[in-house]
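Everything in the sequence shown is counted per the UniProt record's numbering, starting at 1 for the first residue and increasing by one. For every residue, glycine included, the Cβ atom is placed at its ideal position computed from N, Cα and C. Fair warning: this is a prediction, and the values are worked out from it, not measured in the lab. Encoded as structure tokens, the structure appears first; notes follow it.
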Amino acid sequence: MDLTKRQQQIIEIVKENGPITGENIAEQLSLTRATLRPDLAILTMAGYLDARPRVGYFYTGKTGSELLTERLRKLTVQEFQSIPVVVHENVSVYDAICTMFLEDVGTLFVVNEYSHLIGVLSRKDLLRASIGNQDLRTIPVHIIMTRMPNVTLCFKEDLLIEASQKLIEKQIDGLPVVKETEDGYEVVGRLTKTNVTKALVEMGRDERI
Numbered sequence: 001m002d003l004t005k006r007q008q009q010i011i012e013i014v015k016e017n018g019p020i021t022g023e024n025i026a027e028q029l030s031l032t033r034a035t036l037r038p039d040l041a042i043l044t045m046a047g048y049l050d051a052r053p054r055v056g057y058f059y060t061g062k063t064g065s066e067l068l069t070e071r072l073r074k075l076t077v078q079e080f081q082s083i084p085v086v087v088h089e090n091v092s093v094y095d096a097i098c099t100m101f102l103e104d105v106g107t108l109f110v111v112n113e114y115s116h117l118i119g120v121l122s123r124k125d126l127l128r129a130s131i132g133n134q135d136l137r138t139i140p141v142h143i144i145m146t147r148m149p150n151v152t153l154c155f156k157e158d159l160l161i162e163a164s165q166k167l168i169e170k171q172i173d174g175l176p177v178v179k180e181t182e183d184g185y186e187v188v189g190r191l192t193k194t195n196v197t198k199a200l201v202e203m204g205r206d207e208r209i
């Protein structure tokens with residue numbers, strides 16, 4: 001976050017005089033409390049300052065990079081997950097390939113008749129199945145998919161940074177976001193490298209950081 005000259009002045013005043021009230025900060029800058037209020041709100045939301053009722057403002061001592069890291073460690077999967085693309089276990093490999101390209105995704109999640117996750121299909125899985133003279137219309141996806149429990153997954157409450165680590169360690173394009181039920185896992189979303197990239201871009205553009 002790029003601070004304005006006035007916001008930098010506010011931080012310096014709080015550093016030297018904190019705890020200090022908004023009224024006293026305004027007096028030192030020869031401004032009204034109302035004029036100063038938006039700047040104080042931004043600095044407080046961004047984490048540069050801390051405010052306590054009837055006491056005043058404190059300087060937190062945190063740098064911009066520290067604040068960025070702190071916020072990154074609080075982000076959860078559900079804030080950035082996208083809609084999952086799901087296919088039934090008996091769908092043909094041919095239809096799965098069509099679905100993958102029509103939906104423009106790198107991973108399909110395979111479910112059984114109860115809509116529970118039983119496997120995943122990657123581009124590599126479908127490419128391997130396409131090599132040779134097999135009739136792809138007659139091969140069900142459950143023959144070539146990666147089966148549970150060998151599927152790496154995550155939950156919507158998981159920290160984004162931890163789920164991202166799974167993407168890196170497993171060298172995969174996406175994770176199914178699941179909800180645990182009595183009989184299995186229900187797919188409620190997907191987390192991909194694109195989702196993680198979008199999260200970083202949004203953080204970089206967010207003036208509250």
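Check: For the putative contact between VAL91 and VAL141, defined by C-beta atoms under 8 Å, what is the C-beta separation to the nearest angstrom?; Outcome: 5 Å
Check: Taking Cβ to Cβ, would you say ILE108 is nearer than 7 Å to TYR185?; Outcome: A small fix is needed here, since residue 108 is Leu in this sequence, not Ile. Their beta carbons are not under 7 Å apart, which means LEU108 does not touch TYR185 by this criterion.
Check: Please identify the residue among ILE143, ASP39 and GLY119 whose C-alpha is closest to the C-alpha of ARG128.; Outcome: ILE143
Check: If I measure Cβ to Cβ from VAL55 and keep anything under 7 Å in the same chain, skipping five residues before and after, which residues do I get?; Outcome: PRO19
Check: Pair every Cβ in the stretch 78-96 with every Cβ in the stretch 40-49, then say whether three or more of these pairs are closer than 8 Å.; Outcome: no
Check: Determine the contact status of LEU121 and CYS154, defining contact as a CB-CB distance below 7 Å.; Outcome: no
Check: Starting from LEU191, follow its DSSP beta bridges and name the residues at the other end.; Outcome: LEU175
Check: Would you call the CB atoms of VAL93 and ILE139 closer than 7 Å?; Outcome: yes
Check: Are VAL188 and SER164 close, meaning C-beta to C-beta below 7 Å?; Outcome: no
Check: Whose CA, out of GLN8, THR21 and GLU162, lies closest to the CA of LYS74?; Outcome: GLU162
Check: With DSSP run on the structure shown, which of helix, strand or coil describes VAL87?; Outcome: strand
Check: Determine the closest residue to ARG147 out of LYS166, ASP125 and GLU157, with distance taken between C-alpha atoms.; Outcome: ASP125
Check: Express the C-alpha separation of TYR48 and THR60 in angstroms, rounding to a whole number.; Outcome: 6 Å
Check: Along the chain, where does the beta strand (DSSP E) containing LEU126 start, and where does it finish?; Outcome: Looking at the DSSP string, LEU126 is not in any beta strand (DSSP E); the run it does join, the alpha helix (DSSP H), is 123-130.
Check: Assuming GLY22 and LEU36 make a contact with CB atoms under 8 Å, what is their CB distance in whole Å?; Outcome: 6 Å
Check: By a C-beta neighbour count over all protein chains shown, 10 Å radius and 16 as the cutoff for buried, is GLN171 buried or exposed?; Outcome: exposed
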